[in-house]
Every structure is written in structure tokens, then in C-alpha cells.
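Notes to accompany the following structure.
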Amino acid sequence: MLTYLATGMIFGLSSGLAPGPLLTLVLVETLRHGAGAGVRVSLSPLVTDLPIIGISLLALTRLSGSNHVLGLISLAGALFLAHLGRETFTSPPVSVGAPESGAQPLRRGILTNFLNPHPYLFWTTVGSPLLVRAWKNGGGGAAAFLAGFYLCLVGSKVVLAAFTGRGRHLLGGRAYGICMRFLGILLWGCALILAADGVRLLRA
10 MLTYLATGMI
20 FGLSSGLAPG
30 PLLTLVLVET
40 LRHGAGAGVR
50 VSLSPLVTDL
60 PIIGISLLAL
70 TRLSGSNHVL
80 GLISLAGALF
90 LAHLGRETFT
100 SPPVSVGAPE
110 SGAQPLRRGI
120 LTNFLNPHPY
130 LFWTTVGSPL
140 LVRAWKNGGG
150 GAAAFLAGFY
160 LCLVGSKVVL
170 AAFTGRGRHL
180 LGGRAYGICM
190 RFLGILLWGC
200 ALILAADGVR
210 LLRA
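Last residue of the sequence shown? That's 213 in the numbering used here, and every number before it is there in order.
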């Protein structure tokens, strides 16, 4: 259970801190309307990810009897994680632009995350296979993975919103760069593990 919790926390933290549309929106809303608006945007994955996870799990369940298909999915997930690791490791300081719409922060966050391809790629190739594996070892593992993932995914964005509300200069600090490089290395390690699982399934 602790392994799944730690894995979820690594994925959640790296996703939460990686520059992208949702993180940019968190920062924009915070700078324009205060930390509360940024926190509301941070909560949007709790709304958007449920149908994505459900669809991914349904598709994966129908393919659960084919080791070769699962092996290919695992290898695709490994490539995706390797790509995310490279993006994370080389992430520049986050740049913030001014939005044109005055829509409510949470609604804007939901729309942004629904139109972001990363959640779909993650849950199809990485998250759902891990959830299925954790569930087979007991429901506690799956719950621990989800808890760790969303605690760090949402929590990291909430913390950044709070920091941004106090000073924009914190976005480009050295500590942010060190953290992103460390998370990039962790993602590469997870990619290697997933690739090994994919090879094992293809050989089965």
C-alpha cells in the first residue's frame, strides 16, 4: 500500500508542478483575483478526471485478458512518462499571460483541463493500468494511489497559488528549478519500471 501511495504522490506532484495550461491558469487567476481564485482553479481535476478515469478503466477491463495488449499499453505509458520526465527536467520558469475571459475560476479550470490532452494520456497509458494492478492486490492499494495522486496534484497547485499571491518572484526561483529536475529524474525511473512490466507482459 505504501508503494502505491508513494507512486501516486510522485505522479501527482510532478503533474501538479509541471508547466501547462492548468498551472498557468492557476497563476493567472491568482494574480488577477487573489489566492482564492487560484485555489478554485486547482480543484478542477477533482471534477474533470472522474469521467476520464471511468472511460479508461472500462476500456482497460475489456482488454485485461490480453497480455500483449497490456504490454503495449505499458510500453506506451513508459514512453509518455519518459517524455514528461524530459519536459519536467528542462522546464523553464512559468510565464504568465493575461486571460481575456471573466468566467468563474472553477468553471474556467474545468474547461481548461477537459481540453488538455495530458490527463487523457496519463490515465489511459499509466494511471488506469496502475489502478487495476493495485485493485488486484487489494482495494487499499488503489485508494492509496488515488489519495496520494490527488493530494499532491491539487495540493501543489494550492501551495503555488498561495505563494503567488504573496509575490510573483517566487515563480522563477532556484528552488523551483531544482524541484522540477528532481521530479524529472523520478519520472524517468518510473518509466523504466513501466517499460520492464511491458516487456514482461509481452513475453508472457
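A virtual CB, placed ideally from N, CA and C, is assigned to each residue, including glycine. Just so we're clear, the structure is a prediction, and the values are computed from it rather than from any experiment.
Note to self: Quick check: proline 30 and serine 100, are their CB atoms within less than 8 angstroms of each other?
What the structure shows: Note that the C-beta distance between proline 30 and serine 100 is not below 8 angstroms.
Item checked: Rounded straight-line distance, which links the Cα of leucine 201 to that of alanine 87 -> 7 angstroms
Notebook entry, point to check: Whose C-beta lies closer than 8 angstroms to the C-beta of isoleucine 61 among residues of the same chain, with five residues either side of it excluded?
Noted result: Pro128, Tyr129 and Trp132
Check: Can you tell me whether DSSP reads glutamate 109 as helix, strand or coil?
Finding: For glutamate 109, the predicted structure reports a pLDDT of 44, less than 50, and the residue's modelled location is therefore unreliable. A value from the coordinates is still provided. Residue state, collapsed to three classes: coil.
Item checked: Integer-rounded CB distance, given that leucine 115 should sit under 8 angstroms from leucine 52 -> 6 angstroms
Next item on the list: For asparagine 122, I'd like the list of residues in its chain whose CB is within less than 7 angstroms of its CB, leaving aside the five on either flank, ordered along the chain.
Entry: Hits under 7 angstroms: Leu31, Ser53, Pro54, Thr57 and Pro128.
Next item on the list: Taking alanine 17 and glycine 207 to be in contact with their CB atoms under 8 angstroms, please state how far apart those CB atoms are, rounded to whole angstroms.
Entry: Residue identity check: residue 17 is glycine in the sequence provided, not alanine. Rounded, the Cβ-Cβ distance is 20 angstroms, inconsistent with contact.
Margin query: Could you compute how far the alpha carbon of leucine 192 sits from the alpha carbon of arginine 95?
Written below: Leucine 192 and arginine 95 have their C-alpha atoms roughly 10 angstroms apart.
Next item on the list: Find out if the Cβ-Cβ distance for the pair glycine 25, serine 165 is shorter than 8 angstroms.
Entry: yes
Notebook entry, point to check: Grouping DSSP H, G and I as helix and E and B as strand, with all else coil, what is proline 138?
Noted result: helix
Notebook entry, point to check: Which residues bound the alpha helix (DSSP H) around alanine 27?
Noted result: Run containing alanine 27: none; DSSP gives neither H nor E here.
Item checked: Buried versus exposed call for isoleucine 82 [16 or more other C-beta atoms within 10 Å across all chains shown] -> buried
Check: Exposed or buried, isoleucine 119, counting other C-beta atoms within 10 Å across all chains shown (16 or more means buried)?
Finding: buried
Notebook entry, point to check: Hey, how far is the Cα of leucine 124 from the Cα of leucine 34?
Noted result: 13 angstroms
Next item on the list: State buried or exposed for threonine 97, treating a residue as buried only when at least 16 other CB atoms are found within 10 Å of its CB.
Entry: When all chains shown are included, threonine 97 counts as buried.
Check: To the nearest angstrom, how far is it from the Cα of leucine 93 to the Cα of histidine 42?
Finding: 30 angstroms
Next item on the list: Note the first and the last residue of the continuous alpha helix (DSSP H) segment covering threonine 70.
Entry: 54 to 71
Checklist line | Proximity winner among His77, Arg117 and Leu59, relative to valine 48 (alpha-carbon distances) | finding: The shortest Cα separation from valine 48 among His77, Arg117 and Leu59 belongs to Arg117.
Item checked: Classification of arginine 209 by the beta-carbon crowding that lies within 10 angstroms, buried from 16 upward -> exposed
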